[in-house]
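Protein sequence lines correspond, in order, to chains A and B.
For the first sequence, our numbering assigns the number 344 to the initial residue and increments by one for each residue that follows.
For the second sequence, our numbering assigns the number 344 to the initial residue and increments by one for each residue that follows.
Glycine is no exception: its CB is placed at the ideal position from the N, C-alpha and C atoms.
All values reported here derive from a predicted model rather than from experimental measurement.
Taking it in order: structure first as structure tokens, then the write-up.
Protein chains: 2
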Amino acid sequence: MNMKSDLAMHSKIIVTVDVALLTVDLESSLSNGLRVGLIRRDAAPYKEALALPGGYVHPEEDDNTAAAARRVLKTKAGKDVRYLEQLATFSGPSRDPRGWSVSVCYVALEDRETMKQWPADLLARVDALPPLAFDHATLIGAAVERIRNKAAYSALPVFLLPDTFTLSELQDLYGRLLGTPLDKSSFRRKVRELGFVEEVSGAFKGGQNRPAQLYRAKEMTIFDRTI
Amino acid sequence: MNMKSDLAMHSKIIVTVDVALLTVDLESSLSNGLRVGLIRRDAAPYKEALALPGGYVHPEEDDNTAAAARRVLKTKAGKDVRYLEQLATFSGPSRDPRGWSVSVCYVALEDRETMKQWPADLLARVDALPPLAFDHATLIGAAVERIRNKAAYSALPVFLLPDTFTLSELQDLYGRLLGTPLDKSSFRRKVRELGFVEEVSGAFKGGQNRPAQLYRAKEMTIFDRTI
DNA sequence: AAAATAGTGTCTGTTAGACATTATAAC
DNA sequence: GTTATAATGTCTAACAGACACTATTTT
Chain A
344 MNMKSDLAMH
354 SKIIVTVDVA
364 LLTVDLESSL
374 SNGLRVGLIR
384 RDAAPYKEAL
394 ALPGGYVHPE
404 EDDNTAAAAR
414 RVLKTKAGKD
424 VRYLEQLATF
434 SGPSRDPRGW
444 SVSVCYVALE
454 DRETMKQWPA
464 DLLARVDALP
474 PLAFDHATLI
484 GAAVERIRNK
494 AAYSALPVFL
504 LPDTFTLSEL
514 QDLYGRLLGT
524 PLDKSSFRRK
534 VRELGFVEEV
544 SGAFKGGQNR
554 PAQLYRAKEM
564 TIFDRTI
Chain B
344 MNMKSDLAMH
354 SKIIVTVDVA
364 LLTVDLESSL
374 SNGLRVGLIR
384 RDAAPYKEAL
394 ALPGGYVHPE
404 EDDNTAAAAR
414 RVLKTKAGKD
424 VRYLEQLATF
434 SGPSRDPRGW
444 SVSVCYVALE
454 DRETMKQWPA
464 DLLARVDALP
474 PLAFDHATLI
484 GAAVERIRNK
494 AAYSALPVFL
504 LPDTFTLSEL
514 QDLYGRLLGT
524 PLDKSSFRRK
534 VRELGFVEEV
544 SGAFKGGQNR
554 PAQLYRAKEM
564 TIFDRTI
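In structure tokens, the structure reads:
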């Protein structure tokens, strides 16, 4: 098999990116609160169906697939995403009815406040997904698993919270991701020793009771290498 | 930008797979013993240069990129690989002189005995790589990092050993991957409680001294989901 | 017996979970 | 004061690292 025939075959492959944009709703008490941002497709295939934001890679425009993913999100959400990480690449002859396709899938994290601008009916609970186009339910499952796994040993979940947050909110978030309630004392000990947050001096969040100290993520904690 | 122009642009993208086939040489005392299987390219670009085994995805033949990676390895090594895992996808306009390219990269693990059939001069130490084609040095770096990270909490490294092995060999391997000598007693305690190996009853490995019990990996320990 | 490696036992400092206590606000 | 949540302190059981010890082979 020579290169010419390889190239001939190759040209049939569809190359896209898809992004699982995750956020968490700390209000909802049922389920873990994880939600994913969907779009409603305006073209075939799967016209009118719900799907992850995604699209073709544009070689003239995109410097790599991560840039393509950022461009797609910028188009759909109107702003740059705070955190983007490559998840995995899905491929095969039947996942896209147009033909043999490769989709490089990314996970993005955004806090609930920022996601307010996303249409509420397109923010689906990840544990109760509606029917989705392509194999996007599978991608979301992989994205959720990735973020859950990382919650156990990294500071990454802070991207799911606003710029400032209380330790109780952070604990609630980790508890939801890990699927188990955490002990307050142990959690704070851990957070202190890992040292990825710092007090916002003098800033408190008040409620019906004792106000809580606000914290922010320390500048450039190394969360992960992004490719 | 309509779909037609998208498709037109899209057809320029080169889709390949590359495989970092890793093994470990427990004899070598200098370095960690990790080695990667290379090939010498027989066609442009980078003709005559050293590179990872890889090639175009064949839509007619391959059911997905993992199948393409297995096919490439089968062609180069003549046998099916024991362990294959998707690593990451690398992309961009300049990593391949032929044009905008996407390479889905895989990590494969094989034991040293099996790798004896690989030409010795094409088994490079990962900590002293020769000049390589494309961005393959980067891919190898990512592959090594992945395997090192997994060594800390999984049974995956057993694929770097022959079917049967002694606990001392297993400890040596983990120590090399983790970059630190491990305590014999603690290591055995851990291996016992994780329970991913079992004795091969009556089988011992003799040397200049007390023979060591041989073990094998238990059938279908779950190492990881492969996509 | 000496040498070398396999394999086990024990001690101890650290840590994570459980839970009690104190602190500070609203009402 | 009561109530609610923030924040800290203390106790304990489990565990990991260090290291000593025993076991079994070759020479």
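In chain B, which residues lie less than 9 Å from residue i when you measure between Cβ atoms?
i        : result
LYS527/A : What LYS527/A touches in chain B: nothing, since even the nearest Cβ is about 26 Å away.
Between the alpha carbons of residue i and residue j, how many angstroms are there, rounded?
i        : j        : result
LYS347/A : ALA410/A : Residue confidence for LYS347/A is low, a pLDDT of 45 falling below 50, so the modelled location carries little weight and cannot support an answer.
GLY397/B : VAL360/B : 5 Å
VAL487/A : GLU391/B : 43 Å
ALA471/B : VAL379/B : 11 Å
GLY376/A : PHE539/A : 23 Å
THR457/A : ARG414/A : 18 Å
ARG455/A : VAL469/A : 15 Å
ASP515/B : ARG519/A : 38 Å
ALA494/B : ALA494/A : 19 Å
VAL534/A : SER544/B : 47 Å
TRP461/A : TYR389/A : 21 Å
ARG383/A : PRO402/A : 25 Å
LEU393/A : ALA467/B : 48 Å
SER528/A : GLU562/B : 41 Å
SER513/B : SER497/B : With the sequence shown as reference, residue 513/B is identified as Leu, and Ser is not the correct amino acid for it. Looking at the two C-alpha atoms, the distance is approximately 13 Å.
ALA451/A : VAL424/B : 33 Å
GLY550/B : PHE502/A : 55 Å
LEU537/A : ARG489/B : 22 Å
HIS479/A : TYR449/A : 12 Å
Using the beta-carbon of each residue, which ones in chain A are nearer than 8 Å to residue i?
i        : result
GLY435/B : ASP406, ASN407
Helix, strand or coil: how does DSSP classify residue i here?
i        : result
VAL447/B : strand
THR569/A : No answer about THR569/A holds up, because its pLDDT of 41 lies below 50 and its placement is not dependable.
LEU369/B : coil
LEU465/A : helix
ILE356/A : coil
GLN556/B : strand
LEU364/B : strand
LYS548/B : strand
LEU472/A : coil
Would you mind telling me which residues of chain B sit closer than 7 Å to residue i, beta carbon to beta carbon, in chain order?
i        : result
ILE356/A : VAL358, VAL400, PRO402
Inset, instruction - Give, in chain order, every unbroken run of the alpha helix (DSSP H) that is at least 4 residues long and sits entirely within the region 485-543 of chain B. - result: The qualifying runs are 510-521, 527-537.
Inset, instruction - Determine which residues of the region 382-400 of chain B have a Cβ less than 7 Å from any Cβ of chain A, and write them out in chain order. - result: The residues in question are ALA386, TYR399, VAL400.
Inset, instruction - Run through the region 374-449 of chain A for me and flag every whole beta strand (DSSP E) of 3 or more residues, listed as ranges in chain order. - result: The qualifying runs are 377-380, 397-399, 426-435.
Inset, instruction - Name, going along the chain, the residues of the region 443-455 of chain B whose beta-carbon falls closer than 8 Å to a beta-carbon of chain A. - result: Within the region 443-455 of chain B, the residues whose Cβ lies closer than 8 Å to some Cβ of chain A are TRP443, VAL445, VAL447, listed in chain order.
Inset, instruction - Report the residues of the region 407-431 of chain B with a CB closer than 7 Å to any CB of chain A, ordered along the chain. - result: With the criterion set as a beta carbon lying under 7 Å from some beta carbon of chain A, the members of the region 407-431 of chain B are ASN407, THR408, GLN429, ALA431, in sequence order.
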